[in-house]
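Input: a single structure, listed below in structure tokens.
Written out as structure tokens, the structure is:
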């Protein structure tokens, strides 16, 4: 089952290559691997300073759903390349909040507090909206 918080098939190969994983891995497996503390640190430190700063801005907002536009997605080069950004429509993109939450807690030592979480109904609605256009 596809879930908005898993790396989806269109970007799975990028993530597998980045982490030197076999290409036959599922989105859930690769996502869980990417969210390990040592891998989050690697991702964050491989980002340029502009991407790091923009991620911190998104994290500091603390929104349970983070939506950005096409200009902003260009700032998130590595985040997008690895599949943590999902295009909803032509100029609307969802940034994986599980990824943002883990960056905050594991890399930034929870500098921006805890994220508000989605209840099951809102999570299902988010999945529907994101994958409706796929």
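Residue numbers (the working numbering): 82 to 215.
Virtual Cβ for every residue (Gly too), placed ideally from N, Cα, C.
Under 7 Å between C-beta atoms of residue i and residue j
i           : j           : result
residue 166 : residue 121 : no
residue 92  : residue 164 : yes
residue 132 : residue 156 : yes
residue 162 : residue 95  : yes
residue 141 : residue 99  : no
Alpha-carbon to alpha-carbon, residue j and residue i
i           : j           : result
residue 160 : residue 109 : 17 Å
residue 82  : residue 106 : Confidence in residue 82 is poor, its pLDDT being 41 and thus under 50, which makes the residue's placement unreliable; the coordinate value appears in the next sentence. The alpha-carbon atoms of residue 82 and residue 106 are separated by roughly 14 Å.
residue 146 : residue 114 : 22 Å
residue 101 : residue 123 : 13 Å
residue 130 : residue 174 : 21 Å
residue 118 : residue 103 : 20 Å
residue 69  : residue 97  : Any question about residue 69 goes unanswered here, given that the chain covers just 82 to 215.
residue 90  : residue 181 : 20 Å
residue 196 : residue 139 : 11 Å
Cβ-based burial, residue i [other Cβ within 10 Å; buried from 16]
i           : result
residue 148 : exposed
residue 177 : buried
Chain-order list of residues whose beta-carbon lies under 7 Å from that of residue i (same chain, five-residue window excluded)
i           : result
residue 134 : none
residue 125 : 133, 184 and 188
residue 191 : 185
residue 154 : 161, 166 and 174
Own chain partners of residue i with C-beta closer than 6 Å, once the 5 adjacent residues on each side are dropped
i           : result
residue 183 : 116 and 121
residue 112 : 87 and 88
Other residues of its chain near residue i: CB distance less than 8 Å, five sequence neighbours each side excluded
i           : result
residue 128 : 136, 158, 159 and 160
residue 150 : 172, 173 and 174
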